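Residue numbers (this note's numbering): 1 to 322.
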Ligand SMILES: C[S@@+](CC[C@H](N)C(=O)[O-])C[C@H]1O[C@@H](n2cnc3c(N)ncnc32)[C@H](O)[C@@H]1O
């Protein structure tokens with residue numbers, strides 16, 4: 001195991017023994033769903049930086065791979081939708097974290113009559129070499145883990161996710177992003193990296209890593225402030241840096257006509273004389289009705305005189321084409 005991965009394991013072994021309110025988290029509330037009671041300890045161990053659970057996407061017959069279980073909050077939320085033995089497979093290489101998650105699932109079963117701990121299968125496993133067979137999961141998820149990896153390891157972790165997903169499967173992911181590349185001394189600080197501060201990529205590099213791995217469609221679901229790094233605390237910085245958190249759903253599907261289709265919440269509206277306008281690339285615009293389009297399609301539509309475009313909202317909800 002490389003040095004920085006050992007530091008990551010050490011940080012999370014400590015965070016399993018004693019909940020750490022300064023680790024990763026954002027202040028936004030977690031999903032509360034009917035008849036779902038989340039144990040207090042799971043909320044205290046919310047080491048995510050967004051949410052990867054989106055009720056709109058989930059189906060009872062999904063098989064979900066969760067990478068980096070933490071206190072088990074999101075694995076429990078996923079199990080809420082699937083409710084079958086082994087329907088959520090959670091992997092984590094840190095024994096202390098698996099042990100804590102196991103105890104938290106027992107507590108969740110006491111609070112939730114519908115939940116059984118065997119809905120979630122916990123495995124000793126590493127994101128860089130997943131102990132899961134190829135094309136076996138319909139959904140994969142990770143929250144605030146992949147940002148700790150170096151670019152090479154991120155590439156490897158993403159190729160593992162692609163491998164285990166079935167064709168058409170979805171990858172729900174949430175990580176910090178940085179507006180500018182951070183100074184090498186911060187990037188090289190293994191403990192800051194492990195604490196989800198200094199390993200993160202720029203938004204463009206983060207999405208490029210996903211499309212490079214083979215995700216043909218990528219939706220940016222949310223993007224919001226995560227951490228403010230100030231030179232008072234980090235003298236290596238020349239100016240303050242606001243890190244953001246991004247929530248993305250990526251699909252294991254072929255590329256669109258323009259290459260990988262990235263949706264950031266842009267729309268196109270046709271206002272010409274026809275009832276509908278077909279761009280010949282799978283986008284059918286109804287007159288006066290905003291239609292979700294990919295950023296690449298927006299480039300093409302930008303050249304047409306009877307189409308108006310709206311900017312990225314960072315809240316793509318799916319739909320649209322190519
Ligand atoms: C930032 S925490 C996130 C926990 C959880 N996803 C959440 O949202 O609360 C990172 C988790 O990944 C685990 N982890 C660390 N290194 C890992 C690796 N190489 N592969 C998989 N999981 C890892 C840690 O033990 C920890 O549980």
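The beta-carbon is built from N, C-alpha and C at its ideal position, and this holds for glycine as well.
Predicted model, so just to flag it, every value in this text is computed and none were measured.
Quick one, are the C-beta atoms of residue i and residue j less than 8 Å apart?
i	j	result
residue 164	residue 139	no
residue 71	residue 104	yes
residue 124	residue 98	yes
residue 216	residue 251	yes
residue 88	residue 120	yes
residue 176	residue 25	no
residue 146	residue 173	yes
residue 257	residue 230	no
residue 318	residue 219	yes
residue 80	residue 128	no
residue 106	residue 41	no
residue 21	residue 69	no
residue 272	residue 306	yes
residue 126	residue 93	yes
residue 225	residue 247	no
residue 85	residue 118	yes
residue 179	residue 236	no
residue 142	residue 67	yes
residue 134	residue 63	no
residue 210	residue 130	no
residue 269	residue 284	no
residue 17	residue 96	yes
residue 23	residue 15	yes
Would you decide whether residue i is buried or exposed? Buried here means 16 or more other CB atoms lie within 10 Å of its CB.
i	result
residue 289	exposed
residue 228	exposed
residue 27	exposed
residue 74	buried
residue 162	buried
residue 276	exposed
residue 65	buried
residue 51	buried
residue 39	buried
residue 278	exposed
residue 160	buried
residue 320	buried
residue 110	exposed
residue 76	buried
residue 239	exposed
By the three-class DSSP mapping on this structure, what secondary structure does residue i have?
i	result
residue 46	coil
residue 219	strand
residue 117	helix
residue 289	coil
residue 227	strand
residue 233	coil
residue 170	strand
residue 143	strand
residue 136	coil
residue 105	helix
residue 257	coil
residue 13	helix
residue 192	helix
residue 275	coil
residue 90	strand
residue 122	strand
residue 298	helix
residue 158	helix
residue 263	strand
residue 178	strand
residue 58	coil
residue 148	helix
residue 65	strand
residue 185	helix
residue 249	strand
residue 313	coil
residue 20	coil
residue 307	strand
residue 76	helix
residue 127	coil
residue 238	coil
Hey, is residue i's beta-carbon within less than 8 Å of any beta-carbon in chain C?
i	result
residue 265	Any reference to chain C falls outside this structure, which holds one protein chain only.
Would you say the beta carbon of residue i comes nearer than 7 Å to a heavy atom of ligand 2?
i	result
residue 145	The ligand content of the structure shown is limited to ligand 1, which means ligand 2 is not among them.
Cβ contact check for the stretch 155-172 and the stretch 252-261: 3 or more pairs under 8 Å: yes
The stretch 261-280 touching the stretch 301-314, judged by at least three CB pairs closer than 8 Å: yes
Touching by the beta-carbon criterion (3+ pairs, under 8 Å), the stretch 296-312 and the stretch 202-210: no
Cβ contact (3+ pairs, closer than 8 Å) linking the stretch 186-195 and the stretch 1-11: yes
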